[in-house]
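These notes concern the structure reproduced below.
Protein chains: 2
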Amino acid sequence: MIKTIECSQEGIVRILDQSRLPLEEVYIECRDHLEVAEAIRKMRIRGAPAIGVAAAIALALGAQKIQADSFEGFYSKLQDLAETLAGTRPTAVNLFWALGCMKRCALDFKDLPLQALKERLREEAQRILEEDINTNRALGREGKGLIHDGASILTHCNTGALATAGYGTALGVVRAAFEEGKRLTVYVDETRPYLQGARLTAWELQKEGIPFVLITDNMAGYFMKQGKIDMVMVGADRIAANGDVANKIGTYGLAVLAREHNIPFYVAAPLSTLDLGLPSGEEIPIEERDPEEVTQFLGTPIAPPGAQAANPAFDITPARLVSAIVTEVGIARPPYKDSLRDLRQRAWHRPKAG
Amino acid sequence: MIKTIECSQEGIVRILDQSRLPLEEVYIECRDHLEVAEAIRKMRIRGAPAIGVAAAIALALGAQKIQADSFEGFYSKLQDLAETLAGTRPTAVNLFWALGCMKRCALDFKDLPLQALKERLREEAQRILEEDINTNRALGREGKGLIHDGASILTHCNTGALATAGYGTALGVVRAAFEEGKRLTVYVDETRPYLQGARLTAWELQKEGIPFVLITDNMAGYFMKQGKIDMVMVGADRIAANGDVANKIGTYGLAVLAREHNIPFYVAAPLSTLDLGLPSGEEIPIEERDPEEVTQFLGTPIAPPGAQAANPAFDITPARLVSAIVTEVGIARPPYKDSLRDLRQRAWHRPKAG
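Which chain is which? The protein sequence lines are D and P, in order.
The first sequence begins at 1331 in my numbering and counts up one residue at a time.
The second sequence begins at 1331 in my numbering and counts up one residue at a time.
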């Protein structure tokens, strides 16, 4: 399986540089939390679950170097590091969730000697990484029943192994259905401006031998109208209590098109993507990235010099357009206010997904 | 004004190579109809009205070299040339319309000596070119009332001077509104895969000083939901009798999104784009272009080698999603079966647009 990110005993974080895929498989090595933060900011590692894992590993790494006389001194510096990492990307909630897990771990073990506490933080980061893979596999098991034999599934952005510690969310569900022998075709939106679909999803599907057709984002309606798409399956960067979904820019348009053609629109995401403290998607901050990602194409200018461009990285799909939300503990259906809360509670009362 | 295409007295056709814009303004010179056909096929010149003009010029050029003893011999060879040109691109009807004008001209002057007949064909091609510009200006006058002061208009592909002999269709309407002092913002879809929006529309708008914001195609829904778009204004490659519109891939998705947000969706096209012989858009052939336009980006691979891709160049927007169709003789509203026929008849009974 593809290793998106790993941390050696010596504290070197190896990250598969996704900005250079699919033409080059290059790993970068980060030696402190700032280098990991930069890799997140530059989208060398991306995908909501993956940046959560990366942030946890980076925080554990940074923690090792903290000098302090007391837990309070240690914790205050840990919070500073966490804040730096939290500032890398604003939309995906998994980042904040993972940092929260790490801080809770520190508080839980505040009475340990500093060296032992640091070791616990390393273990916690590793646990978050491993749990992410297990969560994805559970998510695949829960969701694969939505995909029938012979189905063709439209997906957007990359929600595969590369977007996570491994296996994938929406693409993990597709993978699980494929692994049990279902014949599938995946329509892959190229996903401008960063081309996660063309560069990453196509690369993963090709490695797995899952049949796919790459299309530009603006072709989705054409293929839906032709009856070529049986369902849309996407991931999420944050899901509000009412079921509104923040995901890669263009997701909202797909949801409107899916409704127009009576095609089910599914979201697959781990519980760590839920932000039940937010009543609706309106409150989710949308990251505005550098306009050069739009006016240039992998470094080559495509617009006249000085052209003004916009680059919102995410959009909000209202819950009314979402047919179901697949999580690692079950499938939520409307009304989401109840079903998402129920799933979260179910997770608290059963052993970890594994 | 930008000269998309022109023909010298010596029979050299100069074409602004749109495949190299906006970074380079390079003209190519075509010396026979085959070179023009190749320029159309390779999209060095594109846009429904412009390829009509190019085909007429190419046919006039080819006609000069025909050797024949009789009109019948001449006409048979002319038809062969026309067939070659007709085979370049299947969707835009203006191509067939322009070739039809040229053939009718030959038949009208069949009694002239061959040399004089050839001269008439040159004049006819020149007339088609000049009429296109006049038609666009008339279209702008008819349509500009749809655009209010302060409006923001979303457009797709390129429908400006570059898509025509000059001035533009949908962008011509925008230009006409701007020329009378209205404050406007144009949201420009980049229009994958060939990037006509980013490369050509942005370039034209920048030259004219019309404010614009470049976006990727998948951002349209986001900005509509934010209330940033007052109307959509696009061109057309073919319009069926019932008002179904063939236009650049992605247009259909915009029309669905516009309806979802109660935003008017306007189409601007000359009467030469009407194909009233076709009852509906279902019969319009959709050009399938080389998948490399999708898997590569201006020559740089963006997908893994061997990735399968689809590349339909156009889609059909059903008439029910079209708020109005602007032509050079007036604005058609639903039901289009009546209103389009009325406009066509009106054109027959009044002097040429000018």
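Glycine is no exception: its CB is placed at the ideal position from the N, C-alpha and C atoms.
Can you list, in chain order, the residues of its chain whose CB lies under 8 Å from that of residue i, leaving out five sequence neighbours each side?
i: threonine 1414(D); result: His1363, Leu1364, Ala1367
i: isoleucine 1483(D); result: Ile1477, Val1504, Leu1514, Thr1515, Val1516, Tyr1517, Ile1559, Asp1560, Met1561, Val1562, Met1563
i: aspartate 1620(D); result: Asn1641
i: proline 1615(D); result: Pro1420, Thr1421
Between residue i and the rest of its own chain, which residues show a CB-CB distance below 6 Å, the 5 nearest in sequence each way excluded?
i: alanine 1585(P); result: Phe1595, Thr1647, Leu1651
i: isoleucine 1655(D); result: Val1597, Ala1662
i: lysine 1407(D); result: Ile1396
Tell me, to the nearest whole angstrom, how far the beta carbon of residue i is from that of residue j; I am working on the premise that it is less than 8 Å.
i: glutamate 1359(D); j: arginine 1374(D); result: Not quite, the Cβ-Cβ distance comes to about 12 Å (not below 8 Å), so this is no contact.
i: phenylalanine 1644(P); j: glutamate 1622(P); result: Actually they are not in contact, since the Cβ atoms of phenylalanine 1644(P) and glutamate 1622(P) sit about 18 Å apart, beyond 8 Å.
i: glycine 1636(P); j: glutamate 1472(P); result: No, glycine 1636(P) and glutamate 1472(P) are not in contact; Cβ-Cβ is about 50 Å, not under 8 Å.
i: threonine 1521(P); j: alanine 1500(P); result: About 13 Å separates the two Cβ atoms, so there is no contact after all.
i: glycine 1551(P); j: glycine 1583(D); result: 4 Å
i: alanine 1390(P); j: methionine 1432(P); result: 7 Å
i: asparagine 1572(D); j: tyrosine 1666(D); result: 6 Å
i: phenylalanine 1404(P); j: leucine 1346(P); result: That pair is no contact at about 32 Å.
Look at the alpha carbon of residue i and the alpha carbon of residue j, and state the distance between them as a whole number of angstroms.
i: aspartate 1605(D); j: leucine 1514(P); result: 39 Å
i: lysine 1333(D); j: glutamate 1460(D); result: 12 Å
i: arginine 1350(D); j: threonine 1657(P); result: 47 Å
i: glutamate 1497(D); j: arginine 1529(P); result: The sequence as given places tyrosine at residue 1497(D); glutamate does not occur at that position. Roughly 38 Å separates the two Cα atoms.
i: methionine 1554(P); j: isoleucine 1458(D); result: 38 Å
i: glutamine 1348(D); j: leucine 1628(P); result: 21 Å
i: proline 1631(P); j: glycine 1430(D); result: 40 Å
i: proline 1420(P); j: isoleucine 1335(P); result: 21 Å
i: isoleucine 1569(P); j: proline 1379(P); result: 13 Å
i: valine 1356(D); j: alanine 1506(P); result: 52 Å
i: leucine 1425(D); j: asparagine 1488(D); result: 17 Å
i: aspartate 1441(P); j: isoleucine 1387(P); result: 22 Å
i: alanine 1566(D); j: glutamate 1354(P); result: 41 Å
i: arginine 1450(P); j: proline 1642(P); result: 38 Å
i: leucine 1608(D); j: glutamate 1538(D); result: 37 Å
i: asparagine 1548(D); j: glycine 1527(D); result: 13 Å
i: aspartate 1672(P); j: leucine 1492(P); result: 29 Å
i: aspartate 1315(D); j: glutamate 1613(D); result: What is shown of chain D runs 1331 to 1684, which leaves residue 1315(D) out entirely.
i: leucine 1587(D); j: arginine 1674(P); result: 34 Å
i: glycine 1684(P); j: glycine 1470(P); result: At glycine 1684(P) the pLDDT is 41, less than 50, meaning the model places this residue with poor confidence; the figure from the coordinates comes in the next sentence. Each residue's alpha carbon lies about 12 Å from the other.
i: aspartate 1438(P); j: aspartate 1519(D); result: 51 Å
i: alanine 1481(P); j: glutamine 1536(P); result: 18 Å
i: alanine 1677(P); j: glycine 1377(D); result: 56 Å
i: glycine 1392(P); j: arginine 1434(P); result: 16 Å
i: arginine 1452(P); j: glutamine 1339(P); result: 10 Å
i: proline 1686(P); j: glutamate 1510(P); result: Nothing can be reported for residue 1686(P), as the shown portion of chain P is limited to 1331 through 1684.
i: serine 1653(P); j: arginine 1589(P); result: 9 Å
i: cysteine 1337(P); j: glutamine 1456(P); result: 8 Å
i: glutamate 1454(P); j: alanine 1385(P); result: 12 Å
i: alanine 1446(P); j: leucine 1525(D); result: 56 Å
Would you check if the distance between the CB atom of residue i and the CB atom of residue j is smaller than 7 Å?
i: methionine 1561(D); j: isoleucine 1593(D); result: yes
i: alanine 1649(P); j: aspartate 1574(P); result: yes
i: alanine 1495(D); j: valine 1624(D); result: no
i: lysine 1448(D); j: glutamine 1394(D); result: yes
i: alanine 1640(D); j: alanine 1532(P); result: no
i: glutamine 1638(D); j: valine 1543(P); result: yes
i: serine 1602(D); j: tryptophan 1427(D); result: yes
i: isoleucine 1381(D); j: alanine 1436(D); result: no
i: proline 1600(P); j: threonine 1546(D); result: no
i: lysine 1512(P); j: aspartate 1462(P); result: no
i: glutamate 1534(D); j: glycine 1580(D); result: no
i: glycine 1502(D); j: asparagine 1466(D); result: yes
i: arginine 1361(D); j: threonine 1418(D); result: no
Report yes or no: is there a C-beta of chain B within less than 7 Å of the C-beta of residue i?
i: threonine 1489(P); result: Included in the structure are the protein chains D and P, with no chain B among them.
Excluding the 5 residues flanking residue i on each side, which residues of the same chain have their C-beta closer than 7 Å to its C-beta?
i: isoleucine 1342(P); result: Glu1359, Arg1361
i: histidine 1591(D); result: Met1554, Lys1555
Worksheet item: Of all the residues that make up the stretch 1392-1404 of chain D, which are near chain P by a beta-carbon distance shorter than 7 Å?
Response: none
Exercise. What residues from the stretch 1423-1435 of chain D come within 7 Å of chain P, judged by C-beta to C-beta, listed N to C?
Worked result: none
Check each residue of the stretch 1634-1646 of chain P: if its Cβ is closer than 9 Å to any Cβ of chain D, include it; give the result in chain order.
Pro1634, Pro1635, Gly1636, Ala1637, Gln1638, Ala1639, Ala1640, Asn1641, Pro1642, Phe1644, Asp1645, Ile1646
Original post:
Mind listing which residues of the stretch 1610-1630 of chain P have their C-beta closer than 7 Å to chain D's C-betas, in chain order?
Top reply: Val1624, Thr1625, Phe1627, Leu1628, Thr1630
Taking Cβ-Cβ distances below 7 Å as the criterion, which residues of the stretch 1566-1596 of chain P are in contact with chain D? Ile1579, Gly1580, Tyr1582, Gly1583, Val1586, Leu1587, Glu1590
*asked:* What are the residues in the stretch 1509-1528 of chain P lying within 8 Å of chain D by C-beta distance?
replied: Asp1519, Glu1520, Thr1521, Arg1522, Pro1523, Leu1525, Ala1528
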